[in-house]
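Peer 1: Here it is, the structure, as structure tokens.
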Amino acid sequence: MELRRVRLPLVDPFASSLGVETERLALLVRAVTPAAEGWGECVAATEPLYSSEHLEGAEDVIRRFLLPMLASRPWSSAGELASVLAPVKGHRMAKAAVETAVLDAELRASGMSLAAHLGAVRRRVASGVAVGIASSLDALVDQVAAHLDAGYLRVKLKIRPGWDLEPVRAVRERFGDVALQVDANSSYTLADTRMLAALDPFDLLLVEQPLAEDDLRGHAELARRIRTPVCLDESVTSARVAATAIALGACSVVNVKAGRVGGYLEARRVHDVCVANGVPVWCGGMLETGIGRAANVALAALPGFTLPGDLSASERYFPTDLTPPFVLDDGHLRVPEGAGIGVDPLAEVLREVTVSSEWVPLRGA
Ligand code: MG
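Under this note's numbering, the sequence shown has 372 at position 364, and the numbering climbs by one with no breaks.
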């Protein structure tokens, strides 16, 4: 296995709950087997502002705990890794990167695409765009106008106390009935119910993670008091939590991110739980390079993903992506059809953006 850190400049500073980033520092995991190579991208950010995980921590956990555990226990396929690694608590983004690399290698060896393996039913997926907190309402409206001109089918606005009603009103007034949703990244409490209810007249698709990550009861209470559908992101860390949240009435939509739930196989189980309960899902994004984006697009091609994902074209983020760029075509991204994740890093770009590389042998696996 190779642990490779890469550093990609971003098109413009990305302001969000992840902080303000001017470049994307990412960790790639490469699994090299006699039959094939596979890639996984760890989505942990440099700072633990979205969840408790962060990049250096994830790298440390992979190197010191996950890979030695894989080397010391018997297993024969990627589908067994979650249980092999279960003794390590949490660290789902780290586990997801390792599992994805192994799964990709396995699928490439057998010639099957990740999309087919997961159960995809679409050849292309609807593309939405997420817009961070802007410097002014005018700046926000300009950004949204540019994204809609580019063809994005849905707009998501980041909101927080003090930047909520006015930006939503400004975008609704300027762009009419565009598909619009908001993401609060857990910045409100139940005491803000009146303000959140004031979003009702704007006919949003959903409000994402308004309350704290561990407040399922609060989300259930809020969902009873507002008309906008409540969607959970940070709270849903497994298929079991998804089932609990749905049973409690804490959400009527779920955002699926493979890194947040420990990998694409668990992400599929989250999807399955939601489909069984009639709850629509959509695919979130974590500033992935083309490696992570390819896998996300495959996931979003599953039947329950009925809302556009935060799956933007490469150029939205990177002047030069690590892989051949994902491009917007009529508001959609094409699902890779090749074996595994279906894309490879461009050798020259990979060399240019690599910060460090470390090989860890997996003897006995
Ligand atoms: Mg979110």
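We put the CB at the ideal spot given by N, CA and C, even for glycine. Given the structure is predicted, the values throughout are model-derived calculations rather than measurements.
By the three-class DSSP mapping on this structure, what secondary structure does residue 73 have?
Peer 2: Residue 73 falls in the helix class under three-state DSSP.
Peer 1: State buried or exposed for residue 255, treating a residue as buried only when at least 16 other CB atoms are found within 10 Å of its CB.
Peer 2: The residue is exposed, with fewer than 16 neighbouring Cβ atoms inside 10 Å.
Peer 1: Starting from residue 118, trace the alpha helix (DSSP H) in both directions and tell me its first and last residue.
Peer 2: 100-118
Peer 1: Going by beta carbon distance, what residues of the same chain come within less than 6 Å of residue 321, once the five residues before and after it are set aside?
Peer 2: 334, 335 and 336
Peer 1: Quick one, which of 234, 266, 157 and 102 has its alpha-carbon nearest residue 203's?
Peer 2: 234
Peer 1: Closer than 7 Å between the C-beta and any heavy atom of the ligand MG: which residues qualify, listed along the chain?
Peer 2: 191, 193, 216, 217, 241, 242, 263 and 292
Peer 1: Relative to the C-alpha of residue 299, which residue among 38, 17, 178 and 18 is closest?
Peer 2: 38
Peer 1: Where does the unbroken beta strand (DSSP E) through residue 191 begin, and where does it stop?
Peer 2: 188-191 is the extent of the beta strand (DSSP E) around residue 191.
Peer 1: Just tell me which of 109, 34 and 61 has its CA closest to the CA of residue 41.
Peer 2: 109
Peer 1: For residue 46, count neighbouring Cβ atoms within 10 angstroms of its own Cβ and tell me buried if that reaches 16, exposed if not.
Peer 2: buried
Peer 1: Does DSSP put residue 282 in a helix, in a strand, or in coil?
Peer 2: In the structure shown, residue 282 sits in a helix (DSSP, three-state: H, G or I).
Peer 1: Only counting the same chain, and skipping five residues up and downstream in sequence, which positions put a Cβ closer than 8 Å to that of residue 373?
Peer 2: Below a pLDDT of 50, predicted positions are generally treated as unreliable, and residue 373, at 48, falls in that range; no measurement from the model is reported.
Peer 1: Residue 368 by DSSP, collapsed to three states: which one?
Peer 2: Here residue 368 sits in coil by DSSP.
Peer 1: Please state the DSSP three-state secondary structure of residue 44.
Peer 2: Residue state, collapsed to three classes: coil.
Peer 1: Would DSSP call residue 363 helix, strand or coil?
Peer 2: Correct three-state label for residue 363: strand.
Peer 1: Alpha carbon to alpha carbon, how far is residue 30 from residue 156?
Peer 2: 23 Å
Peer 1: If you run the structure through DSSP and keep just helix, strand and coil, what is residue 341?
Peer 2: In the three-state reduction of the DSSP assignment, residue 341 falls in the strand class, which pools E and B.
Peer 1: Please give me, in chain order, every unbroken run of the beta strand (DSSP E) with length at least 3 that falls completely inside the stretch 172-244.
Peer 2: 188-191 and 238-240
Peer 1: Who are the Cβ neighbours of residue 62 in its own chain at under 7 Å, not counting the five residues just before and after it?
Peer 2: 52, 53, 54, 55 and 56
Peer 1: Is the CB-CB distance between residue 264 and residue 289 below 7 Å?
Peer 2: Contact: yes.
Peer 1: Would you call the CB atoms of residue 135 and residue 354 closer than 7 Å?
Peer 2: No, the pair does not count as a contact, with Cβ atoms beyond the cut-off.
Peer 1: If residue 190 sits next to residue 152, beta carbons under 8 Å apart, how far is it from one beta carbon to the other, in whole angstroms?
Peer 2: Wrong, their Cβ atoms sit about 13 Å apart, outside the cutoff.
Peer 1: According to DSSP, which residues form a beta bridge with residue 291?
Peer 2: 264
Peer 1: Where do the N-terminal and C-terminal ends of the alpha helix (DSSP H) with residue 301 fall, by residue?
Peer 2: Taken as a continuous stretch (DSSP letters only), the alpha helix (DSSP H) holding residue 301 covers 298-307.
Peer 1: Report the three-state DSSP secondary structure of residue 317 (helix, strand or coil).
Peer 2: strand
Peer 1: Please return the same chain residues whose Cβ sits closer than 6 Å to the Cβ of residue 270, not counting the five positions on each side in sequence.
Peer 2: 100, 103 and 104
Peer 1: Name the DSSP bridge partner or partners of residue 348?
Peer 2: 121
Peer 1: Could you have a look at residue 373 and say whether DSSP puts it in helix, strand or coil?
Peer 2: Reliability of the predicted coordinates at residue 373 is poor, the pLDDT of 48 falling under 50, and the value obtained from them is presented with this limitation in mind. Note: residue 373 maps to coil in three-state DSSP.
Peer 1: Where residue 329 and residue 302 are concerned, what is the direct C-alpha to C-alpha distance, given to the nearest angstrom?
Peer 2: One Cα belongs to residue 329, the other to residue 302, and the distance between them is close to 12 Å.
Peer 1: Decide yes or no for the touch test of the stretch 141-150 against the stretch 159-178: beta carbon pairs closer than 8 Å, at least 3 of them.
Peer 2: yes
Peer 1: Buried or exposed, going by whether 16 or more other CB atoms sit within 10 Å of the CB of residue 123?
Peer 2: buried
Peer 1: Considering only their Cβ atoms, is the gap separating residue 212 from residue 230 smaller than 7 Å?
Peer 2: No. Outside cutoff.
Peer 1: Compare the C-alpha of residue 266 against each of 279, 18, 228 and 258 and name the closest.
Peer 2: 279
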